[in-house]
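One structure below.
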Amino acid sequence: MKKIKTTFNVKALFLWAICSSLLAWNGVYAQADGRKITGNVSSSGKPLAAASVINKRTNVGTFADNQGTFTIQAKTGDVLIVSYIGYVKKEIKVGTSDFIDISITEEQAKLDDVVVIGYGKARKVNLTTSQTSVSAKDMEKTVNTTIEQAIQGRAAGVFVTQNSGQPGGGISVTIRGISSINNSTEPLYVIDGVQLQGSNSGNGSNNLAGLNPADIEDMQILQGPSATAIYGSRATNGVILITTKRGKSGEAKLNYGAQYNIQTPPKRVDVMNLQQYAQMQIAYKAIAGGNVRGELLDPSILGAGTDWQKELFSNAAMQKHQVSLSGGSNNTSYYMSGEYLNQEGVAAGSGFDRYSFRINLDNKPREWITIGTNLSFNQTNETTTSGQNGLITSSIQLSPEVPVKNINGSWGGGDLTNPAHQFSPVNPIAISTLTTNMNSKKQFLGGVNLGLNLAKGLVFRTSFNTNIGYSNSTYYQPTYSIGWAINATSTLQNGTGQNSYWNWNQLLEYNKQIGKHNVGLMATHEAQASNWKNVGGRRTGFLTNDIFDLSAGDATTASNTGGSGEWAMESYLARVNYNYDNRYLLTGTYRRDGSVNFGPEKRWGAFPSVSAAWRVSQEKFFKIPFISELKLRLETGLTGNQGGGNAGIYSPLAPGASPWGTSFLTSVYPNKALQWEETNTNNIGVNLGVLKNRVTVEYDYYVRNTDKMILTASIPWYMGSNGTAQITAPQLNAGSLQSKGWSFTLNTANVVQKNFKWETNLNLSHFQTIVKSLNSETGFLERSSWWLNQADPFSQRATVGLEPWLFRGYIEEGLFTSVEEISKSAVPVDNSGNRRPTSPTNGIWIGDIKLRDINGDGKITSDDKTNIGNPWPKLFGGLTNTFSFKGFELSVLITGSYGNDIYNFMAWENSNPNNINLGRNMMMHAWDYAKVTTDNSGNPILANPETDVARIISGVDVNGNYARQTSKWVEDGSYLRLKNVSMSYNLPTGIIGRQKLIKGVRGTVGVQNIATLTNYSGFDPEIGSYTGPNANNGGGAIGLDYGRYPLSPIYTFSLNVNF
Amino acid sequence: MKKINYKNFLVGLVIPIIVLSGCKKDFLEKPPIDAITDASFYKTDEQVLAGTAGLYNKVWFDYNDKASYNIGDFRSGTTFSAYNDRGNVLFNTTAENGENNASYRSFYQVVAQSNLTIININSNAGAGVTPAIKKMAIAEARFMRALAYRYLVMNWGEVPIITNNLEIINDTSIRRNTVPSIWRFITREMRAAAEDLPETPVQVGRLTKWSAEGMLARFYLTRAGVEATGTRNQSFLDSAKYYAKRVIENSGRQLLPVYADLFKWPYDNNKESLFELQWVYQPGQYGAQNSTPSYLNFSPDIANGDGWGGDKGGTWWMLSQYDGMESFGDTMIKGRTVDQRLKATFMLPGASYPEITQVLAGVKQKLIFPNNGGDVNFASIKKYVVGKAEDVGGQAAQQNYPNDTYMQRLAEIYLIYVEAVLGNNASTSDATALEYFNKVHTRSGLPALRLTDPVTGTPTPLTFDIIFKERVVEFAMEGVAWYDLVSLHYYNPQKAYSILNSQDRGFYNITPDAFPNPTSWTIKKTSWATTERKINANAGNFRLPIPSAEITQAPNLTQPAVDYP
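Going down the list, the sequences are from chains A and B.
Offset between the first sequence (1-based) and this note's numbering: plus 574.
Offset between the second sequence (1-based) and this note's numbering: plus 15.
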């Protein structure tokens, strides 16, 4: 390849697809000859309906009917191939008899499976690395809008949390702990060869949302260094290999699947109703002074008021229809599918729909040529008002005295006559109805590949894959007048983005067996590049609220934005596999990556790995009868990370406005010496199979060391690196991380009887990441969520010697209960360093929070902040039990996480009893505010000393009771969740009968997110990384509950029909 | 497998060989395509000018936004906010204070961007750039940097001087520099800028020699106190006088005849202006526009989706500074003033501002500042308030205003001259000083100051207090008064504390004698607002503390300061 063009001929691609389809049809309707042979296929005496029977010579096939009976044209001496999924394929020679009784056996050892690995396939038993898989069968059991949801709880070592329950919302996938501190920790997804970097996008949308989970045949999660190193610099966070379904030779299979789900509202956060709200108002005024408004004076005559959560959350439907057609002859096979999914959100102002279409074709025009094509197209539409406009928080804070709608039909809102209402949020129902906040995306994903068998054992393959996306966003805020909130100007923001990616790979593979020596060699060259371009426009002053087009706005208010970028990478890679007698296994890989993100001297990085395995159970001396498989594995490898973008080595200038035309100021400090971040992983593993592999165990222990981390340097403000005209700190290589962890998988077939089967999968994982060093002299990096409480923003810190991103705050030690206690304790000081007075009006008083004086200087200052919580779990896992009885199958999935903390910012924000004066509603908990009274001797004391809610203050909150982030809001986020229970039933053949139309019917009912065992007090303990306004891509707050979109129970009904 | 003929075999082998030879070298060379990079810029006069244009606005944005009045006016007691920014109003600016942080960061953005501009022009400007333009552009950057350091040294005292950011990116040993050495550095820099800047601007609003010499007058006047031993340094006073005189006589700048016109849009780059921040209204852009009016506009009625200044106003002390506003006891100010600066600086009930449109209940009208009654109301801010978009030719939106911010105007040069002549004397009767003083004083409508009372014949000499008061009234809400106090504090800290500690910063209410068009007002202290009226300025809290976040990331700043060479 001399030079690769960034465009390719789409037309040619489609032509190829059409030609391939024609070939496919041709194969299926090939002519048959010979005499009529009748037969019966069964296993253990049970007829196998729909077993495939093919005449090897003529390539003509048929299926057995519900009694297992088939008829086929064949001559004496022909060979019939009988196959059935999950059973061992059998070849039968046709004799003179016209009737053949065929019995096939169920596949016993799953270990004999061939699995997909990076740039190839391998026998599972011969893997020398750690790799887990999730099959289509597993995935079918849960309701998965997007594909990553299917991994949760099913694969050891993979920590999956949903960032938001918003339909189509993003998900965090962390494989084996944190490998990078500033860069994305999301894995690389390889979908039929298309490499997609997972992203933890800040706006909550998900770049894998376009893929239809029902098209997935198999997912392989590469975790071991030897498996991932073949993907070199892109694989540090693990690799998820996704293979879509392909046709199998035999009669065409037509499948229709329909799914209908009801999603129900989440558990309610206990906030005050109108009576309680009025009582709180009265209590507040009694302490702080002022008059209670007349309408709240007598709580007993008030109703419950508006339950905003009830108004915001409602039952929501999700439906999905999917049709697929697959089949093929010996030379050609095809898989086609179409899908429509529509998911309403349980919260108003959210929703997701998707249309997707796929064709996968495989062709073998000559014995030595294979041609494959994957084409998929999808479109998604996402409504994100609830997340982007903070409606969930509004539903907690808005006063119950505000109606959803006024009697005159206008939207209810805080009134103008009560100035305090200015601090209450705007009616979330009105906002969700009036505002339009939508993203629409179109994606084309596909590729072609060509394989040539050059000589015995020598194969050349080349593939070209591409991913082209187009997105369109619309954010319209109309003019409105909701109580005090008046939006006088309507605003429309439109944005479009285009991105394209291509990858061209050439691969040469050679396999040779000499005696008991098996050698496999592979060499590859790969080039890939991508580019993106965004355009955005904004206008205000729309005269009507129903035309969402910029041209309808006031031209003088128009503004626009743009942005574009390019990226490219070139790689050379090689792999050597050697095994002796399937006993001693050795794999070595080597990859060199060159990235545009680095300057000429540092451009190329080398990523080697080596792994070895010993299948002890294959040894002659191994004579433990009940152990059927024992394999020991050892591997080490290096992977890289190329950082966020190619701006690091350049110093771009930022444009600005000036009276004399555009101005240019430096925007980034360059670092021409930037280089690869490197992660070295060592892994030992063991695979054990007991009782003919009815029990299998896989265990891995690993140590990962990341060095030369690509960090945004933490440089002082005196470098001009912070603010409106900032020169952003340079990217540099500094610091190191270490993760240690283990993962454990246990598969058991507990009961295997003719009619009843019980299988269990248990996976457990643990990791701990420690920051070993950092560049900054102070030894920490801080991530501050400045938009959450400006006075003392929630922040997380990565400190040398500790786990990254621990919560920061003060340690709260209860409330002051006496004046004496105040005088003995450290308290905040004034600007001259003197203690703030002890006083109920303008000082520290009984009922204020007591903070721990960490540095022991007798003063409470920001130096007394410390680490107060850890967002990372100590243990997480999943347990699946599957019971089959005749046509019934019951599957129960439990997922859990143990030992992680959550910062309940939502409670922090809504437990302040003083907020009643701002016209805000609050959690019931606030009612138990510290009540200061006097004892018999006239000393002030606390009437309810057991409370942890600080007092109502008539003057200034000198102590900062509700302005500080403290340990009180850190909660244990451990949970055990009954994630999914599903029961499916395959209609027995007897009922389907002898009619020709329907070959199989399967019905499923299920419930997802049924019950959660947790001590966490918020909506939902499953907290991923922060998404929403002001979110930072790749750097979102972790373990922070800010009123995020919760996961809620889903009831599922689905029907699958095979024609 | 079928037998493969050799042709196929060769083809199969050749393809990978070709392919494996790899991509062209430039496949992995991809500089940003959505931004200009430094090395390809500064090639023409136009590009060099574009390279310094941002130094006139964006780099100062974070300072101008809210810190300009929080530090310049709230701390000095000219204006206050009743419910917000109380730390600054009560002279309790902590190391965590938002405006402390924002202004510190902003001044260092000025420094860093100026440094990089100088480095980039020196290393990238080639034959295509006229030498005069190159020289001027570097002088512009040196001017901006010196001015930023003037704010830094006056607010925080000892701070590090940085002239080349690229060299010290990984250097954690940077020390602060001593106050006198910073003053030495910035006067030296400003003299170099004065040397290289042209007498007439290259483009309207750009710096001239006179801008730099005006700043030199200001710098020397302050520096005279910095290196004072009991009395102010006479040679620096002489330098202040020298530069002030040069600017007055040679710059061609003139006072505007009507004071209020200084702040009526469009006033940008008028005859009186020596240097102002060059804001532009640009929807969709952030950083080059003036955002301050959003926080000053007293109500959404006169604003553009903002109007968050309802609780801001002149202080009780400030209102008592206007001639004719007489104090009765300690609880009432009453009277009228002919000083036009009051109406041009603060809005009192009944005052008319026909240049500002007010929309009340959907009805448009010319603004007459309302009288809301009650026992708390405010003399809302007028300076820099320019009204709705329709009042400024359509060029206004929320936090997006076009009007410039004065950084120095000729009136100050006159008063610098007067103060430099006064120097260490208790009073002066210098005729030129009196003439210059009266140029500023009488423009406001007040009668000229005379050295002896024409009726009684008692001497009324020109003293520091008179000059100080004149400056306070002239520059109220222009972010100046605080720096006047810092200048004073260098050589007479007790006097600076006593001025600050005498001020009343508490709540009051204003009643006009007629509505509209009142002729006098009665101002009364709000009876129940008895606390937080006075502050306690002292040596421990006079300076701004270096932001705690900065100390955390740069512990080297806690080391003792060293002299800058």
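For glycine and all other residues, C-beta sits at the position ideal for the given N, C-alpha and C.
### Query
With a CB to CB cut of under 8 Å and the five nearest residues on each side skipped, what residues in its chain are close to C593(A)?
Taking the first residue of the first sequence as position 1, residue 593(A) is located at position 19. Caution applies to C593(A), whose pLDDT of 40 falls short of 50 and renders its modelled position unreliable; the value that the coordinates give is listed next. Counting only Cβ-Cβ distances below 8 Å, and skipping sequence neighbours, we find nothing.
### Message
For a test of the three-state rule: what should DSSP assign to R1113(A), helix, strand or coil?
### Response
Indexing the first sequence from 1 puts residue 1113(A) at position 539. Of the three classes helix, strand and coil, the one that applies to R1113(A) here is strand, per DSSP.
### Message
Considering only their Cβ atoms, is the gap separating D49(B) from G925(A) smaller than 8 Å?
### Response
Sequence index remark: in the first sequence, residue 925(A) carries index 351 (1-based). Sequence index remark: in the second sequence, residue 49(B) carries index 34 (1-based). No, they are not a contact pair.
### Message
Looking at chain B, is there any beta carbon in it that lies within less than 8 Å of the beta carbon of F1238(A)?
### Response
Here residue 1238(A) refers to the residue found at position 664 of the first sequence. So, interface residue.
### Task
Using only alpha-carbon positions, find the residue among A544(B), R221(B), V433(B) and S542(B) that is nearest to E291(B).
Indexing the second sequence from 1 puts residue 291(B) at position 276. Comparing Cα positions, the closest option is R221(B).
### For S1237(A), the residue or residues it bridges with in DSSP
Here residue 1237(A) is taken as the residue at index 663 of the first sequence, counted from 1. G1230(A), per the DSSP bridge assignment.
### Task
Along the alpha helix (DSSP H) that carries S1622(A), what are the first and last residues, could you check?
Translated into the one-based positions of the first sequence, residue 1622(A) becomes position 1048. Premise fails: S1622(A) is in no alpha helix (DSSP H) and is neither H nor E.
### Task
State the start and end residues of the unbroken alpha helix (DSSP H) segment that holds M854(A).
Within the first sequence, residue 854(A) is the residue found at index 280, counting from 1. Where M854(A) is concerned, the enclosing alpha helix (DSSP H) stretches over L848 to A862.
### Task
Just list the alpha helix (DSSP H) runs in the segment 1123 to 1209 of chain A, keeping only unbroken ones of 4 residues or longer that don't cross its boundaries, in chain order.
none
### Task
Could you tell me which chain B residues have their CB closer than 7 Å to the CB of Q1300(A), listed as they occur along the chain?
Position 726 of the first sequence holds residue 1300(A). Those are Q124, listed as they occur along chain B.
### Message
Please classify G601(A) as buried or exposed, where buried requires at least 16 other C-beta atoms within 10 Å of its C-beta.
### Response
Position 27 of the first sequence, counting from 1, holds the residue named residue 601(A). Reliability of the predicted coordinates at G601(A) is poor, the pLDDT of 39 falling under 50, and the value obtained from them is presented with this limitation in mind. Under this definition G601(A) is a buried residue.
### Query
If you count every other CB in all the chains shown that lies within 10 Å of the CB of Y1619(A), and 16 or more means buried, which is it?
Within the first sequence, the letter at position 1045 stands for residue 1619(A). Result: buried.
### Query
Would the beta-carbon of A359(B) fall within 8 Å of that of F490(B)?
For the purposes of this step, residue 359(B) is taken as the residue at position 344 of the second sequence. For the purposes of this step, residue 490(B) is taken as the residue at position 475 of the second sequence. No.
### Task
Could you tell me whether the segment 171 to 182 of chain B touches the segment 120 to 131 of chain B, where touching means 3 or more Cβ pairs closer than 8 Å?
yes
### Where M1293(A) falls: helix, strand or coil (DSSP)
For the purposes of this step, residue 1293(A) is identified with residue 719 of the first sequence, where counting begins at 1. If DSSP states are grouped into helix, strand and coil, M1293(A) belongs with the helices.
### Task
Flag this pair as yes or no: are the beta carbons of L539(B) and N524(B) separated by less than 8 Å?
Taking the second sequence and counting its residues from 1, the one referred to as residue 539(B) is at position 524. Taking the second sequence and counting its residues from 1, the one referred to as residue 524(B) is at position 509. The question names Leu, yet the displayed sequence has Lys at residue 539(B). Cβ distance < 8 Å, so K539(B) and N524(B) count as in contact.
### Task
Answer yes or no: does any C-beta atom of chain B fall closer than 8 Å to that of W1291(A)?
Taking the first residue of the first sequence as 1, we reach residue 1291(A) at position 717. For W1291(A), the answer is yes, since a Cβ of chain B falls inside 8 Å of its Cβ.
### Task
Report the residue ranges of all beta strand (DSSP E) runs contained in full by the segment 1395 to 1482 of chain A; include only those spanning at least 3 residues, in chain order.
1423 to 1425, 1440 to 1443, 1449 to 1459, 1462 to 1472 and 1475 to 1478
### Contacting residues, own chain, Cβ-Cβ under 6 Å from Q849(A) (five flanking each side not counted)
Sequence index remark: in the first sequence, residue 849(A) carries index 275 (1-based). The residues are P873 and L876.
### Task
Just tell me which of Q568(B), T467(B), A426(B) and I514(B) has its CA closest to the CA of T457(B).
Counting from 1 along the second sequence, the entry for residue 457(B) is found at position 442. That would be A426(B), whose Cα lies nearest to the Cα of T457(B).
### Task
Report buried or exposed for E1251(A), applying the criterion of at least 16 other Cβ atoms within 10 angstroms of its Cβ.
For this step, residue 1251(A) is matched to residue 677 along the first sequence. So E1251(A) counts as buried.
### Message
Residues in the same chain with beta-carbon distance under 6 Å from T1563(A), minus the five sequence neighbours each way, listed in chain order, please.
### Response
Taking the first residue of the first sequence as position 1, residue 1563(A) is located at position 989. The residues are A623 and N640.
### Task
Pick out whichever of L1262(A), S1369(A) and R1166(A) has its Cα sitting closest to the Cα of R808(A).
Here residue 808(A) corresponds to residue number 234 of the first sequence, with the count starting at 1. Measuring from the Cα of R808(A), the nearest candidate turns out to be R1166(A).
### Query
Where does V1644(A) sit, in a helix, a strand or coil, going by DSSP?
In the structure displayed, chain A extends from 575 to 1633; residue 1644(A) sits before or after that span and is not available.
### Partner residues on chain B for T1118(A), Cβ-Cβ distance less than 8 Å
The residue given as residue 1118(A) occupies position 544 in the first sequence. Per Cβ cutoff of 8 Å: no residues; T1118(A) is ~19 Å from chain B at best.
### Query
Given that a residue counts as buried once 16 or more other Cβ atoms are within 10 Å of its Cβ, and exposed if not, what is R932(A)?
Here residue 932(A) is taken as the residue at index 358 of the first sequence, counted from 1. So R932(A) counts as buried.
#### Entry: Limits of the beta strand (DSSP E) - the one that Y274(B) falls within
Along the second sequence, read from residue 1 onward, the residue named residue 274(B) stands at position 259. Run containing Y274(B): none; DSSP gives neither H nor E here.
#### Entry: Same chain, Cβ closer than 6 Å to S973(A), five either side skipped, listed in chain order
Position 399 of the first sequence, counted from the start, is the residue given in the question as residue 973(A). Correct list, in chain order: S998, G1493 and N1495.
### Message
For L461(B), which residues in the same chain have their Cβ closer than 7 Å to its Cβ, ignoring the five residues on either side in sequence?
### Response
Numbered from its first residue, the second sequence carries residue 461(B) at position 446. Hits under 7 Å: D338, V353 and D354.
### Query
So which of T573(B), F522(B) and W280(B) has the shortest CA-CA distance to A411(B)?
Looking up residue 411(B) in the second sequence gives position 396. Out of T573(B), F522(B) and W280(B), W280(B) has the C-alpha closest to the C-alpha of A411(B).
### Query
Within 10 angstroms of its Cβ, does H504(B) collect 16 or more other Cβ (buried), or is it exposed?
On the second sequence, position 489 is the one that residue 504(B) refers to. By the 10 Å Cβ count, H504(B) comes out buried.
### Backbone CA spacing between G240(B) and R247(B) [nearest angstrom]
Position 225 of the second sequence, counting from 1, holds the residue named residue 240(B). Position 232 of the second sequence, counting from 1, holds the residue named residue 247(B). Straight-line Cα distance between these residues: approximately 5 Å.
### Cβ neighbours of E405(B) in the same chain (closer than 7 Å, five flanking residues each side left out)
Taking the first residue of the second sequence as position 1, residue 405(B) is located at position 390. Contacts found: T372.
#### Entry: Range covered by the alpha helix (DSSP H) that runs through K224(B)
The residue given as residue 224(B) occupies position 209 in the second sequence. Per DSSP, K224(B) belongs to the alpha helix (DSSP H) from K224 to V241.
### Query
From which residue to which residue does the beta strand (DSSP E) around F95(B) run?
One-based indexing of the second sequence puts residue 95(B) at position 80. First-last of the beta strand (DSSP E) with F95(B): T94 to S96.
### Task
Measure the beta-carbon distance from Q518(B) to G92(B) and round it to whole angstroms, keeping in mind my assumption that it falls under 8 Å.
Within the second sequence, numbered from 1, the residue matching residue 518(B) stands at position 503. Within the second sequence, numbered from 1, the residue matching residue 92(B) stands at position 77. At roughly 4 Å, the Cβ-Cβ gap stays under 8 Å, so Q518(B) and G92(B) are in contact.
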